[in-house]
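Engineer: Which chain is which? The protein sequence lines are A and B, in order.
Residues in the first sequence are numbered consecutively from 32, following this note's numbering.
Residues in the second sequence are numbered consecutively from 72, following this note's numbering.
Glycine included, every Cβ here is placed at the ideal spot set by N, Cα and C.
As the structure is a computational prediction, the values presented were derived from the model and not from experiment.
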Amino acid sequence: MTRAVAIALKIPDNTAFTAAVALRRLGVGVERVERSEIYFFDDGGDVPALIERITADETIFNPNTHRLTVLDEAAPRPGEVWIEPLDPVTLSVSKGDGEKAATSWRLLGRNDASLDQEALRAAAERLLCNPAIERAVY
Amino acid sequence: MSARIAVPVFPGTNSEDETLRLLRDCGGNAELVHWSQASKLARYDAYVLSGGFAYEDRIRAGAIAAHDRMMDYVIEAAASGKLVFGICNGAQILLEAGLVPGTGPIRRPTAAFTRNGPAPHFICRHVYMKLAIEPVRCAITAALPEGALVPAWAAHAEGRLAATPEHLSEIVGGGHLAFIYASANGIVDAAAVPNGSALGCAGLVNREGNVLAIMPHPERDAWNFNHLDRRESDDVLAPSGGSLLFRSFVQALASA
């Protein structure tokens with residue numbers, strides 16, 4: 032069973048901050064950006080075991096700086112765009128393979144309201160996605 | 072007065088000193104221009120974007136820098152026919168800005184120098200770039216001999232040309248493939264390509280021939296002391312092959 036895992040920084044995320052500043056300059060009305068790296072694991076049926084494997088391995092997860100979330104669905108949530116590489120990287124995480132599947136960008140406006148699809152598309156087309164090597168999934 | 076060359080420095084640029092030194096050694100009237108002085112860029116006649124990690128390569132290599140105010144001036148200058156030369160991270164910025172290969176709108180990239188393949192690792196390797204176009208096709212290479220071999224150092228984790236099959240066809244059909252990797256004796260084969268780059272690409276030129284983007288660093292093989300293939304009897308302070316491309320660039324400005 033394929034599980035999607037989101038790994039985000041729990042310390043300030045300078046890349047997300049820079050993206051927010053750049054997107055505002057490009058005319059996207061974003062107040063705050065949340066970013067996480069999305070990994071797919073084919074052997075993720077046993078969630079506690081998967082979490083244990085990832086946290087113990089520390090290849091993609093550092094407990095001092097990261098927060099790990101196992102997603103209910105392997106798809107973007109409202110207000111998110113996933114930027115997927117056309118050519119994903121497989122990595123070994125403690126006796127199993129995972130795939131870095133996407134970078135998730137969650138764009139928030141005033142009062143932390145999620146931005147609409149049109150704003151997400153604009154953000155992806157103008158900055159977040161290079162269509163030569165990536166695709167945007169909404 | 073000789074043409075003025077700007078070497079823009081973004082936060083995170085780290086190869087500006089050797090770039091500046093070689094430009095001056097080749098007779099160029101070059102100066103650094105930092106990001107806080109962006110408006111000064113309008114006064115220059117040519118631009119060399121050097122290597123590094125502009126804005127820490129946040130989002131993607133070159134993505135944020137391509138939208139920096141400094142690039143507003145560089146894009147305008149390129150449109151007016153001024154020479155723009157990007158090396159390594161500078162090349163990545165030019166691709167993200169859509170200036171090369173220049174087959175799409177500005178700031179809507181149609182290609183990328185991205186993660187190396189097949190292993191996604193940083194490489195530091197001495198390479199040779201072979202001129203794959205007629206020298207006069209690009210103003211910056213015009214003084215090089217046909218099929219010139221330029222030694223350089225490939226030092227990147229993201230130097231593989233990638234694009235959709237349609238855009239790769241445009242790159243070939245439009246004569247945008249300026250440099251390809253080759254061995255020291257000029258043979259072009261897969262073993263000479265250090266990073267899995269499509270078409271064996273080491274450098275791209277735009278349609279007009281005034282914007283050139285290369286991934287390896289010729290400025291790091293510009294004097295014999297950093298040229299791997301030097302002989303015992305060679306003067307270590309004499310120029311080596313990497314300087315040829317910079318001399319051609321400066322010569323193009325002098326003859327403009």
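Alpha carbon to alpha carbon, how far is residue 162 of chain B from residue 78 of chain A?
Structural biologist: 43 Å
Engineer: Against residue 222 of chain B, what residues of chain A qualify as contacts under a CB-to-CB distance less than 7 Å, listed in chain order?
Structural biologist: Residue 222 of chain B does not reach chain A, its nearest Cβ partner there being about 29 Å away, counting only Cβ pairs nearer than 7 Å.
Engineer: Compute the distance between the beta-carbons of residue 158 of chain B and residue 90 of chain B, then report whether it is under 8 Å.
Structural biologist: yes
Engineer: Which complete beta strand (DSSP E) runs does the stretch 215-273 of chain B hold, if anything under 3 residues is left out?
Structural biologist: 220-227, 231-233, 248-253
Engineer: Let me check understanding here. Comparing Cα to Cα, which of A/154, A/90, A/72 lies closest to residue 57 of chain A?
Structural biologist: A/154
Engineer: Please state whether the Cβ-Cβ distance between residue 82 of chain B and residue 137 of chain B is less than 8 Å.
Structural biologist: The criterion of a C-beta distance shorter than 8 Å is not satisfied by residue 82 of chain B and residue 137 of chain B.
Engineer: Going along the stretch 49-79 of chain A in order, which residues come within less than 8 Å of chain B, judged by CB to CB distance?
Structural biologist: 49, 50, 53, 56, 57
Engineer: With a threshold of 7 Å (Cβ to nearest heavy atom), would residue 267 of chain B be considered close to the ligand NAP?
Structural biologist: Ligands displayed in this structure: none; no statement on the ligand NAP is therefore possible.
Engineer: Does the stretch 119-138 of chain A come close enough to the stretch 62-72 of chain A to have 3 or more Cβ pairs within less than 8 Å?
Structural biologist: yes
Engineer: Note the first and the last residue of the continuous beta strand (DSSP E) segment covering residue 68 of chain A.
Structural biologist: Annotation for residue 68 of chain A: the continuous beta strand (DSSP E) segment containing it runs 63-72.
Engineer: Are there 16 or more other CB atoms within 10 angstroms of the CB of residue 79 of chain B, so buried, or fewer, so exposed?
Structural biologist: buried
Engineer: Among B/134, B/150, B/192, which residue has its Cα nearest to the Cα of residue 166 of chain B?
Structural biologist: B/134
Engineer: Considering only the alpha carbon of each residue, which of B/263, B/215, B/286 lies closest to residue 273 of chain B?
Structural biologist: Ranking B/263, B/215, B/286 by Cα distance to residue 273 of chain B puts B/286 first.
Engineer: Under 7 Å Cβ-Cβ, which residues of chain A neighbour residue 135 of chain B?
Structural biologist: 49, 53
Engineer: Using DSSP with H/G/I as helix, E/B as strand and the rest coil, what is residue 88 of chain B?
Structural biologist: helix
Engineer: When you compare each of B/303, B/106, B/234, B/201 to residue 218 of chain B by their alpha carbons, which one comes out closest?
Structural biologist: B/201
Engineer: Name the chain B residues that come within less than 7 Å of residue 164 of chain A, Cβ to Cβ?
Structural biologist: 183, 185, 233
Engineer: Is it a yes or a no for the stretch 229-236 of chain B touching the stretch 258-274 of chain B, going by three-plus beta-carbon pairs under 8 Å?
Structural biologist: Touching, yes.
Engineer: In chain A, what lies closer than 7 Å to residue 126 of chain B by C-beta?
Structural biologist: 49
Engineer: Secondary structure at residue 163 of chain A, three-state DSSP: helix, strand or coil?
Structural biologist: coil
Engineer: Cβ of residue 138 of chain B less than 8 Å from any chain A Cβ?
Structural biologist: yes
Engineer: Would you kindly report the start and end of the unbroken beta strand (DSSP E) that includes residue 49 of chain A?
Structural biologist: In the DSSP assignment, residue 49 of chain A falls outside any beta strand (DSSP E) and lies within the alpha helix (DSSP H) extending over 45-56.
Engineer: Which whole-angstrom value describes the C-beta separation of residue 185 of chain B and residue 241 of chain B, a residue pair presumed to lie in contact below a C-beta threshold of 8 Å?
Structural biologist: With a Cβ gap of about 18 Å, residue 185 of chain B and residue 241 of chain B do not count as contacting.
Engineer: Could you tell me whether any Cβ in chain A is nearer than 8 Å to the Cβ of residue 82 of chain B?
Structural biologist: no
Engineer: Would you tell me roughly how many angstroms separate the C-alpha atoms of residue 150 of chain A and residue 111 of chain A, rounded to the nearest one?
Structural biologist: Answer to the nearest angstrom: the Cα atoms are 10 Å apart.
Engineer: Measure the alpha-carbon distance for residue 157 of chain A versus residue 280 of chain B and round it to whole angstroms.
Structural biologist: 26 Å
Engineer: Mind reading off the beta-carbon distance from residue 132 of chain B to residue 160 of chain B? Whole number of angstroms is fine, and I expect it under 8 Å.
Structural biologist: Approximately 6 Å separates the beta-carbon atoms of residue 132 of chain B and residue 160 of chain B; this is inside 8 Å, confirming the contact.
Engineer: Use the C-beta contact count for residue 243 of chain B: other C-beta atoms within 10 angstroms, 16 or more gives buried, fewer gives exposed.
Structural biologist: exposed
Engineer: Let's see if you can read the secondary structure: which residues bound the beta strand (DSSP E) around residue 174 of chain A?
Structural biologist: Nothing can be reported for residue 174 of chain A: it is not among the residues displayed for chain A, which extend from 32 to 169.
Engineer: Show which residues of chain B have a CB atom less than 7 Å away from the CB atom of residue 139 of chain A.
Structural biologist: Chain B residues near residue 139 of chain A: none, gap ~17 Å exceeds 7 Å.
Engineer: With DSSP as the reference, label residue 118 of chain B as helix, strand or coil.
Structural biologist: strand
Engineer: For the putative contact between residue 298 of chain B and residue 226 of chain B, defined by C-beta atoms under 8 Å, what is the C-beta separation to the nearest angstrom?
Structural biologist: Not a contact, Cβ separation roughly 15 Å.
Engineer: Rounded to whole angstroms, what is the Cα-Cα separation between residue 75 of chain B and residue 103 of chain B?
Structural biologist: 11 Å
Engineer: Do the stretch 136-151 of chain B and the stretch 248-256 of chain B make contact, defined as three or more Cβ pairs closer than 8 Å?
Structural biologist: The stretch 136-151 of chain B vs the stretch 248-256 of chain B: no contact.
Engineer: Please report the Cβ distance between residue 37 of chain A and residue 130 of chain B, rounded to the nearest whole angstrom; I am assuming they are in contact, meaning their Cβ atoms lie under 8 Å.
Structural biologist: Going by Cβ atoms, the distance from residue 37 of chain A to residue 130 of chain B rounds to 18 Å, so no, they are not a contact pair.
Engineer: Residue 130 of chain B CB to nearest chain A CB: under 8 Å?
Structural biologist: yes
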